[in-house]
Each structure stands twice: as structure tokens, then as C-alpha cells.
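Residues in the sequence shown are numbered consecutively from 6, following the numbering used here.
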Amino acid sequence: MNSSINLDSSISNYAVFGNPVNHSKSPQIHSLFAKQKGIKLNYQAIEVPVENFSDFVISFANQKGKGLNITVPFKENAFSLCTILTQRAEVSGSVNTIWFDEQSNIYGDTTDGKGLINDLKINYGLDIKNKSVLILGAGGSVKAILEPLCEENPDRIIIANRTVSRAEDLSRSFSNKGNIKACSYDDIPSSSYDLIINGTSLSLNGQLPSISASTINNNTYCYDLMYSDTETVFMKWANEQGALKVMDGLGMLVEQAAEAFFIWHGVMPDTASVIKSLRK
Numbered sequence: 006m007n008s009s010i011n012l013d014s015s016i017s018n019y020a021v022f023g024n025p026v027n028h029s030k031s032p033q034i035h036s037l038f039a040k041q042k043g044i045k046l047n048y049q050a051i052e053v054p055v056e057n058f059s060d061f062v063i064s065f066a067n068q069k070g071k072g073l074n075i076t077v078p079f080k081e082n083a084f085s086l087c088t089i090l091t092q093r094a095e096v097s098g099s100v101n102t103i104w105f106d107e108q109s110n111i112y113g114d115t116t117d118g119k120g121l122i123n124d125l126k127i128n129y130g131l132d133i134k135n136k137s138v139l140i141l142g143a144g145g146s147v148k149a150i151l152e153p154l155c156e157e158n159p160d161r162i163i164i165a166n167r168t169v170s171r172a173e174d175l176s177r178s179f180s181n182k183g184n185i186k187a188c189s190y191d192d193i194p195s196s197s198y199d200l201i202i203n204g205t206s207l208s209l210n211g212q213l214p215s216i217s218a219s220t221i222n223n224n225t226y227c228y229d230l231m232y233s234d235t236e237t238v239f240m241k242w243a244n245e246q247g248a249l250k251v252m253d254g255l256g257m258l259v260e261q262a263a264e265a266f267f268i269w270h271g272v273m274p275d276t277a278s279v280i281k282s283l284r285k
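Printed below as a string of C-alpha cells:
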């Protein structure tokens, strides 16, 4: 992990910017993709001081860096900095993938939502059409997955958050995309759901949103957007309630990385083998 930028101009350079970023699996993932496709590149994790994000992106571009992935806490900074945005980045208000052109344009896209959908549909065989979906949390990671989720035509989406106004803002913003309602954790409609997504970062601190066990039945899929080397507290809770399938965000991480890799290199890598090797 680096905290400054000094690129080797003899090779194509890519990086992930975050703070902290020492836990990132992105260098490993992109190196495995590159090996699959016979592409030579250098991909590193760079810890960027919170107040210096723009300077670091410009420095990376000036040194002929090819592409960046952006993680916490910089996805909204990246959105503001980019000069050309994809439609899905515009909608989500966040950027996790950046590339450059000869005219000094900074392009931004978000591949998080597509990564989640690909993981659910391809790796777990879950069809979201006509399903009931409960989302816990209303932060940037939830905003990034809402449009792709709506495109799968679920029956309804409930967004529950401690601060209800944030959930209401999201339900209003996406009301033209599907049947979306907002509520507090205490007011979650008392029925079981087909899919529950934990979009809070509480798992990282060993905490759980205060929700009723009645939201889960033996056909419920539970997905934590976070990942760790051990079962997250949300996953443990979901298993204890008898959920049909409990998943972490590692597959989403690999799938969103594959989408970024495709943007940069024009070829789609195989994700299943990379997920398998990271699970070992």
C-alpha cells in the first residue's frame, strides 16, 4: 500500500484509492483478471489523505495512469471531480471507476449495482422479479444499487434506516423506477421478505440494525454488502433465524471489479475462478 504516487511509466498503471485501503482485495482481483487475459499491468492500493483526493487523481492522470477504482470515503468526491459521467453514475451520485482521455477528461462510472445483480443472479441463481426486497440502510452504497435492483422488477422494495428522512429521500428519488417505500427499523412492515440486503456498515463494527426476526422465513435470501474473512454479525444473525441462503459482499466486489476491468480493457474476465481463489 502506498500513500503517495510515483508511477513506473514502462507499464500500464491502475490503482484503488481509499482511506483506509490496506484491507482492499482489489489489487489481487485485478492481477488475477490480468493474468487470465495475458495483460501486463501494475495495480496498487493507494491510501489518499481525506483532504487531497482531487490532487491525487490529477497526479495519477499526469503520470499517465490508466484507471482508478474508488472506495470509501471518496465515491461522492469522485462523482464531483469527473468531467464526463455515465448515466448510471449520474443516477447513483457516486463513482467507483475512473479513466482518462488525451483531452484531460476524467470519466466516471459506477459498477457497484451491476456487481450486486450479477452476483445474485449468476453466482446464486436468484431471480429478483416479483420478489419482496428489504434494504437496511440508506447511505451511498444503497443509493448505488437501487436503480439496478429496480430494473429487475421486484414486487416491492422497503428501505429501512435509523434516520427515516434519508430513506424517504431515496424512495422519493427512485419512486419513478419502482414500488419503493421508506420506514424506520421499528416500523418495518411485519412480514417476511424474499431478499434482505444489509447496506449499513454496522457489520464492520460488529453491530446489527435492530430488526425483527419475523422478516426472515426459510425461503429468505440474506445479503451483506460488506465482506470479511469471517462471518459478519448480520450473516450470523440471518443464519440463526433460519434464512435459506446467507451471503457476503465478496462476490459483488469481484463482479464490480470485472465490470471495471471490462471498461478499461474491453474484455470480460472470468469471475467464478477468482471468487473461488479468494474464498480459500
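Every residue, glycine too, gets a C-beta built ideally from N, C-alpha and C.
Among Pro-32, Ser-15, Ser-178, Ala-243, nearest to Gly-23 - alpha-carbon criterion: Numbered from its first residue, the sequence shown carries residue 23 at position 18. Of the listed residues, the one whose Cα sits closest to Gly-23 is Pro-32.
His-270, buried or exposed, once every other Cβ within 10 Å from all chains shown has been counted against 16: Counting from one through the sequence shown, the residue named residue 270 turns up at place 265. His-270 is buried by the Cβ-count criterion.
Alpha-carbon to alpha-carbon, Trp-104 and Arg-93: By one-based count along the sequence shown, residue 93 stands at place 88. By one-based count along the sequence shown, residue 104 stands at place 99. For Arg-93 and Trp-104, the distance between alpha carbons rounds to 16 Å.
Residue nearest to Glu-56 in terms of C-alpha spacing, selected from Thr-76, Asn-82, Ser-36, Asn-74: Counting from 1 along the sequence shown, the entry for residue 56 is found at position 51. From the listed residues Thr-76, Asn-82, Ser-36, Asn-74, the smallest Cα separation to Glu-56 is found for Asn-82.
Sufficient close CB pairs (3 or more, under 8 Å) joining the segment 210 to 223 to the segment 170 to 178: Touching, no.
Supposed close pair Thr-115, Ala-143 - CB separation, criterion 8 Å: Mapped onto the sequence shown, residue 115 falls at position 110. Mapped onto the sequence shown, residue 143 falls at position 138. Going by Cβ atoms, the distance from Thr-115 to Ala-143 rounds to 17 Å, so no, they are not a contact pair.
Burial state of Thr-117, where buried means 16 or more other Cβ atoms lie within 10 Å: Here residue 117 refers to the residue found at position 112 of the sequence shown. Here the sequence assigns Asp to residue 117, which means Thr is not the residue at that position. By the Cβ-count criterion, Asp-117 is buried, with 16 or more other Cβ atoms from all chains shown falling within 10 Å of its own Cβ.
Identified DSSP bridge partners for Ala-165: Looking up residue 165 in the sequence shown gives position 160. DSSP lists Leu-141, Cys-188 as partners of Ala-165.
DSSP beta-bridge partners of Met-257: Your numbering for residue 257 matches position 252 in the sequence shown. Bridge pairing for Met-257: absent [DSSP].
Presumed contact (8 Å Cβ cut-off) between Ser-176 and Ala-165, rounded CB distance: Locating residue 176 in the sequence shown gives position 171, counting from the first residue. Locating residue 165 in the sequence shown gives position 160, counting from the first residue. Contact flag wrong, Cβ pair sits at about 11 Å.
Pick from Cys-227, Thr-235, Leu-255, Gly-256 that is closest to Gln-246, judged by C-alpha positions: Along the sequence shown, read from residue 1 onward, the residue named residue 246 stands at position 241. Residue Cys-227 is the option with its Cα nearest to Gln-246.
Candidates Pro-25, Lys-80, Asn-74, Ile-34, of which the one nearest Val-53 by Cα: If you number the sequence shown from 1, residue 53 lands on position 48. Of the candidates Pro-25, Lys-80, Asn-74, Ile-34, Pro-25 places its Cα closest to the Cα of Val-53.
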